[in-house]
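Written out below as C-alpha cells is the structure these notes cover.
Number of protein chains: 2
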Amino acid sequence: MNKKIKVNVVKNVLQANDLVAGRNRQVFKENKVFALNLISSPGSGKTTLLEKTIPALKPEHKSIVIVGDLQTTRDADRLSDQAQQAVQINTGMSCHLYANQIAQSLSDIDLKGADFVFIENVGNMVCPGEFDLGENAKVILLSVPEGDDKVAKYPTIFRVADLILLTKVDLLGALDFDLKRVKEDLSKLNAKATLIELSSKTGQGMDQWLDWLKAKRTEGIGRQARFATE
Amino acid sequence: MNKKIKVNVVKNVLQANDLVAGRNRQVFKENKVFALNLISSPGSGKTTLLEKTIPALKPEHKSIVIVGDLQTTRDADRLSDQAQQAVQINTGMSCHLYANQIAQSLSDIDLKGADFVFIENVGNMVCPGEFDLGENAKVILLSVPEGDDKVAKYPTIFRVADLILLTKVDLLGALDFDLKRVKEDLSKLNAKATLIELSSKTGQGMDQWLDWLKAKRTEGIGRQARFATE
C-alpha cells in the first residue's frame, strides 16, 4: 500500500517536471544553444571532463555550465574560470536535478552568445534518467573503475542515453574490465547510442567527443531552424 | 510549488518507512542477528567485499544476504553459494531500498542460526541514507577511484555512517588521492565513525573489518539482551 502511494506521487511529480522541461527546451531553442544533461555515478569524471572540454571548444564556441550538487559549490568553482557563466544549484537532499531548478537558473543566465549549456547532474545512476530537464541530449559517463557490469545493472539510464562516454580508459590495462561485455550489453539496450572511449588524463577520445558535440549542435540548431519555419 | 508538494510527500513516505524499519529492527533483535546496511556508489565493491567477508566469517558465523538492485539478480547469484540464504529485491525504478521491502523479504527468510544479515543497498550515495531499513549499523563504502572530494560532496550519507570502508586502496599509488583530505572532511562531519582502509584484492584491512563486525555484533547482541530484560 505504502509503495502504491509512492508510485502515484512520483507520476504526478514527473508530469509536472515534464511540463517545465518542455518550457526549458523552448528557451534553449529560441537562443540557439545546445543543452546537454551529463549523468553518472559520483567520481566518474564529469567535472574534469568539462574542465578539458570548455577550453577546447574556445574561441569558436562559448559554454555555460549549470552544476547540481547536494551542498558544495566545488564543481562550479572549478568551472567558473573557463565557462562564460557557471551556476550552482544545491539540491539539498535530492539525488537529481528537477526541470524547475533549471528554469530558475535560466532566469539568471544570459544565454546570448552561448553555444552550449552543460548541465552536470548530481552523481547518481538512477533518478536523473527519469527527470527530463529540457536538454537536447543525455550524455552518460561510465568510468572504468566502476566495473563492466554497470550497463546491465543500471539499464534505465543507459536506455535513454544519446551518448555514452567510457571514461578513465587509461586504467583499462590496470583493472579487470571487459570492454566487449559493455558493448554487448549496450547493443541490447540501446543500439543507437554512440560509445566513445575517453581519458581526460591522456586526451584519448577528446577529439571524437568534441566532434560529436559540434555535429550534434549543428544538427540540433538546424532542426530548430526548420521547426521555426514550419 | 511543485517542490513543496514533493517535500511533503517525501516526509509522509519517510514516516511510513520508519515505522516499518522499527518492526524490522525488532525482528532482528528477537533473532539475535546483527543487520548491516551497505551503502555506496555503483562499482565501489560492495558485492566483492561480501564475497570475501562471508566465507571469512565461517564456520563461526553464518550470514544472510539481502541484495537490492534495479533489475538483475547478478549480485545475489554471486553471493548465493557462500551465504546461508541470499535474497534479491528488484527495486525497478527506485534508487534505494525501502523498509517494507526488507520486511517482505524477512517473511521468506529463516533467521534461525544466522548471525549477520548483510543488506546490500542499490548503488547510490544519496537516498539510501534517508531510508532506515531497521539495520543495526550503516556501512558506507567509498572507493579510491571515486576521488577524495566525495565526503564533502555527499555529506548526508557520511554523517549517518557507523563505519566507512575506503575500498580499492591498492590503487592509492596509481591515482591522485589525498587520504588526509578525506580524513579531515570526515572528522568535521562525523567524528565517531571508524574508517578502515581496505582492499578486497590484496586483503589489506580485512582483519580489521572482520574484527569490527564481530565486536559490533557482540556489543549489539549484548545491548539487545539488556533491552529484553528492562
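Protein chains in written order, with numbering that gives the first Met the number 0: chain W, 0 to 229; chain L, 0 to 229. A virtual CB, placed ideally from N, CA and C, is assigned to each residue, including glycine.
What does DSSP give as the partner residues of residue i in its beta bridges?
i: residue 218 of chain W; result: DSSP, once it has assigned bridges, lists no residue as partnering residue 218 of chain W.
i: residue 198 of chain W; result: For residue 198 of chain W, which the question treats as bridged, DSSP gives no partner whatsoever.
i: residue 210 of chain L; result: Beta-bridge pairing links residue 210 of chain L to no other residue.
i: residue 193 of chain W; result: W:162
Any C-beta of chain W sitting closer than 7 Å to the C-beta of residue i?
i: residue 231 of chain L; result: Beyond the ends of chain L as shown, which are 0 and 229, falls residue 231 of chain L; an answer cannot be given.
i: residue 46 of chain L; result: no
i: residue 13 of chain L; result: no
i: residue 145 of chain L; result: yes
May I have the straight-line CA-CA distance separating residue i from residue j, to the nearest angstrom?
i: residue 101 of chain L; j: residue 31 of chain L; result: 17 Å
i: residue 172 of chain L; j: residue 197 of chain L; result: 14 Å
i: residue 56 of chain L; j: residue 25 of chain L; result: 24 Å
i: residue 182 of chain W; j: residue 63 of chain L; result: 34 Å
i: residue 134 of chain W; j: residue 188 of chain W; result: 21 Å
i: residue 83 of chain L; j: residue 49 of chain L; result: 13 Å
i: residue 142 of chain W; j: residue 44 of chain L; result: 14 Å
i: residue 68 of chain W; j: residue 120 of chain W; result: 7 Å
i: residue 60 of chain L; j: residue 33 of chain L; result: 11 Å
i: residue 36 of chain L; j: residue 85 of chain W; result: 37 Å
i: residue 155 of chain W; j: residue 13 of chain W; result: 15 Å
i: residue 236 of chain W; j: residue 106 of chain W; result: Because residue 236 of chain W is not part of the residues shown, which for chain W are 0 to 229, the question remains open.
i: residue 138 of chain L; j: residue 214 of chain L; result: 15 Å
i: residue 19 of chain W; j: residue 97 of chain W; result: 9 Å
Over what stretch of residues does the beta strand (DSSP E) that includes residue i continue unbroken?
i: residue 87 of chain L; result: 84 to 89
i: residue 34 of chain W; result: 33 to 38
i: residue 130 of chain L; result: Counting along the chain, residue 130 of chain L falls outside any beta strand (DSSP E), and DSSP gives it neither H nor E.
i: residue 115 of chain L; result: 115 to 119
i: residue 136 of chain W; result: 136 to 142
i: residue 68 of chain L; result: 62 to 68
Please confirm whether residue i has its beta-carbon closer than 7 Å to some beta-carbon of chain L.
i: residue 40 of chain W; result: yes
i: residue 66 of chain W; result: no
i: residue 119 of chain W; result: no
What residue does the alpha helix (DSSP H) around residue i start on, and which one ends it?
i: residue 49 of chain W; result: 45 to 56
i: residue 166 of chain L; result: Careful: residue 166 of chain L lies outside any alpha helix (DSSP H), inside the beta strand (DSSP E) at 162 to 166.
i: residue 76 of chain W; result: 73 to 79
i: residue 108 of chain L; result: Note, residue 108 of chain L: premise wrong, no alpha helix (DSSP H); not H, not E.
i: residue 184 of chain W; result: 178 to 188
i: residue 150 of chain L; result: 149 to 152
Along chain L, in chain order, which residues have C-beta atoms closer than 7 Å to that of residue i?
i: residue 203 of chain W; result: Those do not exist, as residue 203 of chain W stays about 17 Å from chain L at its closest Cβ, beyond 7 Å.
i: residue 172 of chain W; result: Simply none; closest approach about 11 Å.
i: residue 106 of chain W; result: Neighbours of residue 106 of chain W on chain L: none; closest Cβ ~15 Å, over 7 Å.
Starting from the beta carbon of residue i, find every residue of chain L whose beta carbon is closer than 9 Å, and list them in chain order.
i: residue 73 of chain W; result: 148, 151 and 152
Quick one: list the residues of chain W neighbouring residue i, beta-carbon separation under 7 Å, in chain order.
i: residue 123 of chain L; result: 94, 123 and 125
At 8 Å on the CB atoms, spell out the chain W contacts of residue i, in chain order.
i: residue 69 of chain L; result: 125, 152, 153, 154 and 155
i: residue 129 of chain L; result: 92
Which chain W residues sit within Cβ distance under 9 Å of residue i?
i: residue 142 of chain L; result: 42, 144 and 145
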